[in-house]
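In this note's numbering, the protein residues as written are 61 to 517. Using N, Cα and C, we set each Cβ at its ideal position, and we do this for glycine too. Notes follow the structure.
Take a look at the structure:
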């Protein structure tokens, strides 16, 4: 059975056991069990393993894994570290397909923890049982109602896959992305990666037709060559947005104590990103910015940008940001400029790129739409960056909605005053929205970089 078949059984289990859950207030296993119930997981396929409880929050409890009567493909362990080895032995004897060990205190805790982790891995592999973790938050799959945190995870399934050696990020980013209308399909907290690794999950996401974008956070890898080889193949079909932690001396030391990972040198990772086509991320803001861009925008044909604003000053500063990120402020064709002159007022405007549509465009939706359509028809223009120009929330919403599915990528920059006086506009297919020219230009440059990798340039 290959890795994809194995992970299919883990992400779509016939039965799930939460080991270590109890009715005691503050019990972590009980907290996660409530998450399964809130997500709507079938209670008849959900079990608890506890030595003394008869049921936990209405879910049947059994003394051990071997006492569970139904089909069981996935076990999630919250028991103390010293009990985990025996639990894994029971899961192996029961032929459980996957064991998620949320318990910490293994390789990240020194030599004794590392040895215990190695022994657990050895035992699991004897019978084909796969391990996620230890020291992780488990898996999230809205389609099969698996959840890695109670109460707050979105129930809607989307097209983003995520693997992360940090557990908290597998909670915070799906929640944050849902505010932009972006939903995740599958998420896994890898933890220490004693068995299944980021490379395994990357390969699985590559071959999963429901996933179109992959997001990852790693601090280090045991088999960098395998990750690189898989990443290069995946990047030819799906973008990988990867945040590599542990790039500083302090970060590398922290990575060892966080997940037991060896972080590797910055120079090596710079080469890996360049040659594999993965998109490098360096902060929380970048992760969400790039995710929005790759989710909502088509890839541009090149780096030639038309900058459009209702005021000249903003247009100039956006053009500066574009130039700083390697984008070309393209010279418009004479035909395009003649058409723009016929659309915009003669006073207080400019039809040279960067383009100033004048203040009247803030009150006349048709001027904006006709101007953007004219620019889209110019073969010299690969993408458009524009400041939001509506005079009211309704005007802005109409403008963005009218551009849904636009023929070329269009990136909007929300006006600072509008962020105070009105609700932020929402992105739609073909239109992404950012709060500054720098962030917009940075995202555009990453789209160009990835397109060049895909096309072999």
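Assigned exposure category for residue i - 16 Cβ within 10 Å defines buried
i: residue 195; result: buried
i: residue 155; result: exposed
i: residue 517; result: exposed
i: residue 211; result: exposed
i: residue 349; result: buried
i: residue 190; result: buried
i: residue 268; result: buried
i: residue 384; result: exposed
i: residue 353; result: buried
i: residue 304; result: buried
i: residue 123; result: exposed
i: residue 92; result: buried
i: residue 145; result: exposed
i: residue 320; result: Note that residue 320 scores a pLDDT of 43, beneath 50, so its modelled location is shaky and nothing firm can be said.
i: residue 213; result: buried
i: residue 114; result: exposed
i: residue 416; result: buried
i: residue 375; result: buried
i: residue 461; result: exposed
i: residue 487; result: buried
Selection from the options that minimises the alpha carbon distance to residue i
i: residue 290; options: 259, 299, 303, 275; result: 259
i: residue 193; options: 401, 330, 255; result: 255
i: residue 378; options: 475, 421, 277; result: 475
i: residue 63; options: 188, 455, 507; result: 188
i: residue 506; options: 145, 394, 401, 363; result: 363
i: residue 398; options: 74, 367, 434; result: 434
i: residue 243; options: 272, 266, 251, 261; result: 272
i: residue 413; options: 419, 471, 402, 388; result: 388
i: residue 453; options: 355, 392, 296, 484; result: 484
i: residue 184; options: 167, 158, 206; result: 158
i: residue 89; options: 209, 301, 222; result: 209
i: residue 206; options: 427, 428, 248; result: 248
i: residue 235; options: 217, 163, 286; result: 217
i: residue 457; options: 492, 443, 445, 84; result: 492
i: residue 280; options: 298, 252, 295, 262; result: 252
i: residue 147; options: 233, 176, 510; result: 176
i: residue 275; options: 246, 285, 137, 284; result: 246
i: residue 186; options: 150, 326, 68; result: 150
Residue i: first and last residue of the uninterrupted beta strand (DSSP E) it sits in
i: residue 437; result: No beta strand (DSSP E) contains residue 437, which DSSP labels as neither H nor E.
i: residue 340; result: 339-341
i: residue 134; result: 134-137
i: residue 404; result: Where residue 404 is concerned, there is no enclosing beta strand (DSSP E), given that its DSSP letter is neither H nor E.
i: residue 77; result: 76-79
i: residue 128; result: Note, residue 128: premise wrong, no beta strand (DSSP E); not H, not E.
i: residue 365; result: 364-369
Residues of its chain near residue i, where Cβ-Cβ distance is below 8 Å and the 5 sequence neighbours each way are ignored
i: residue 358; result: 468, 469, 490
i: residue 292; result: 335, 336, 337
i: residue 380; result: 497
i: residue 360; result: 442, 443, 468, 469, 504, 507, 508, 511
i: residue 107; result: 75, 76, 77, 78, 119, 120, 121, 122, 128, 130, 132
DSSP beta-bridge partners of residue i
i: residue 222; result: 247, 275
i: residue 102; result: DSSP, once it has assigned bridges, lists no residue as partnering residue 102.
i: residue 303; result: 277, 341
i: residue 447; result: 473
i: residue 516; result: Answer is none; residue 516 lacks a bridge partner.
i: residue 510; result: BP columns for residue 510 are empty, so no partner.
i: residue 190; result: 158
i: residue 199; result: 248
i: residue 494; result: 473
i: residue 107; result: 77
i: residue 416; result: 369, 410
i: residue 388; result: 364
Beta-carbon contacts of residue i that lie in its chain and below 7 Å, excluding the five residues immediately before and after
i: residue 390; result: 364, 365, 366, 413, 440, 441
i: residue 72; result: 204
i: residue 317; result: Since pLDDT at residue 317 reaches only 45, below the 50 mark, its modelled position is unreliable, and no value is offered.
i: residue 179; result: 145
i: residue 94; result: 117, 210
Bounding residues of the alpha helix (DSSP H) (the contiguous stretch that carries residue i)
i: residue 118; result: Note, residue 118: premise wrong, no alpha helix (DSSP H); not H, not E.
i: residue 350; result: 344-356
i: residue 295; result: 284-295
i: residue 376; result: 372-384
i: residue 64; result: 63-71
i: residue 263; result: 258-266
i: residue 332; result: 326-336
i: residue 234; result: 229-238
i: residue 141; result: 141-153
i: residue 455; result: 453-462
Residues near residue i in its chain [Cβ-Cβ closer than 6 Å; skip 5 each side]
i: residue 229; result: 277
i: residue 314; result: Bear in mind that the predicted position of residue 314 carries a pLDDT of just 46, short of 50, making it too unreliable to give a figure here.
i: residue 329; result: 304
i: residue 80; result: 89, 138, 139
i: residue 310; result: Low local confidence applies: a pLDDT of 45 at residue 310 is under 50, so the model's placement there is unreliable, with the coordinate-based value given in what follows. Counting only Cβ-Cβ distances below 6 Å, and skipping sequence neighbours, we find nothing.
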